[in-house]
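For reference, the structure is listed below as structure tokens.
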Amino acid sequence: MKKLETERLLLRSLRREDAKRIEELAGDYEVAKTTLSIPHPYPQGSAADFIESSLQAEKKGEYTIFAIVEKDMNHLIGIIDISIALAHERGELGYWIGKPYWGMGFGTEATRSMISYAFETFSLHKIFARAVTHNPGSWRVMEKVGMTHEGILKQHEVRWGKYLDITYYGVLRKDFQRR
């Protein structure tokens, strides 16, 4: 079982028993609207399918995912992952934090650890991330960990019948290691 530790967090392998907690946190509309993929309402029982498909993708080496666990309370507060494109030596970072834990720096702490892990483990050249422009909390995390703004794609995604602008950030291994 893989795990990473930061000052306040444990990033550990996702477990099937995390399903209920994922549904509880990701089922919050405020969390779902900050992402491009979390459904709302969150279908009961679908977190188990999400966990299973994530674990299968990990086995294929095209993905890595961690549960973000607050050490003091020992419970899941979010998810962080990287989709890996080895042919291009890059990975796409994704994350969400449950609303009760927003504004506490957990996203930044988990992201910094995950980027370091991904560069070392998968020998990636670049990691990038994207966020809807109306989610400044997410792109501020990207800035705090040293990612550089690379641009905005106008009306690039459709979510719940609305076109959304998407902002992209990236960091090269050499630039991350210099920090």
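In the numbering used here, the protein residues as written are 825 to 1003. Heads up, the beta-carbon is just placed ideally off N, CA and C, and yes, glycines get one too. The structure displayed is predicted, hence computed values, not measured ones.
How many Å lie between residue i and residue j at the Cα?
| i | j | result |
| --- | --- | --- |
| R964 | H973 | 10 Å |
| G970 | D842 | 30 Å |
| K998 | E913 | 13 Å |
| V995 | G985 | 31 Å |
| L977 | A881 | 28 Å |
| H958 | L988 | 9 Å |
| M966 | R1003 | 14 Å |
| R836 | L879 | 13 Å |
| I1006 | D852 | With the chain covering 825 to 1003 only, the question about residue 1006 has no answer from this structure. |
| V894 | L910 | Checking the sequence, you will find Glu at residue 894 rather than Val. Between E894 and L910, the C-alpha separation is close to 31 Å. |
| G975 | R954 | 10 Å |
| K826 | V982 | 35 Å |
| W920 | V855 | 7 Å |
| R840 | K884 | 18 Å |
Taking 8 Å as the limit between beta carbons, can you name the residues of its chain near residue i, skipping five residues before and five after?
| i | result |
| --- | --- |
| G961 | T858, W926, G927 and G931 |
| F943 | I951, R997, F1000 and Q1001 |
| A871 | D842, A843, K844, I846, E847 and A850 |
Under 6 Å Cβ to Cβ from residue i, same chain only, skipping five residues before and after it: list those, please.
| i | result |
| --- | --- |
| G918 | D905 |
| R936 | V969 |
Can you tell me the Cβ-Cβ gap for residue i and residue j, rounded? I've got them flagged as a contact below 8 Å.
| i | j | result |
| --- | --- | --- |
| F874 | G915 | About 19 Å separates the two Cβ atoms, so there is no contact after all. |
| L833 | A934 | 6 Å |
| E886 | I908 | 5 Å |
Please list, in chain order, all residues of the same chain as residue i whose beta carbon is under 7 Å from its beta carbon, the five residues on each side excluded.
| i | result |
| --- | --- |
| Y941 | L828 |
Are the segment 890 to 904 and the segment 862 to 869 touching by the rule of at least three beta carbon pairs closer than 8 Å?
-> no
Ranges of the alpha helix (DSSP H) found wholly within the segment 894 to 961, counting only runs of at least 4 | 930 to 946
Determine contact between the segment 896 to 904 and the segment 837 to 856, defined as no fewer than three beta-carbon pairs at a distance below 8 Å.
-> yes
4 or more residues per run - each alpha helix (DSSP H) lying fully within the segment 830 to 867 | 843 to 850 and 853 to 856
Residue ranges of each alpha helix (DSSP H) within the segment 953 to 1003, 4 or longer = 960 to 968 and 997 to 1002
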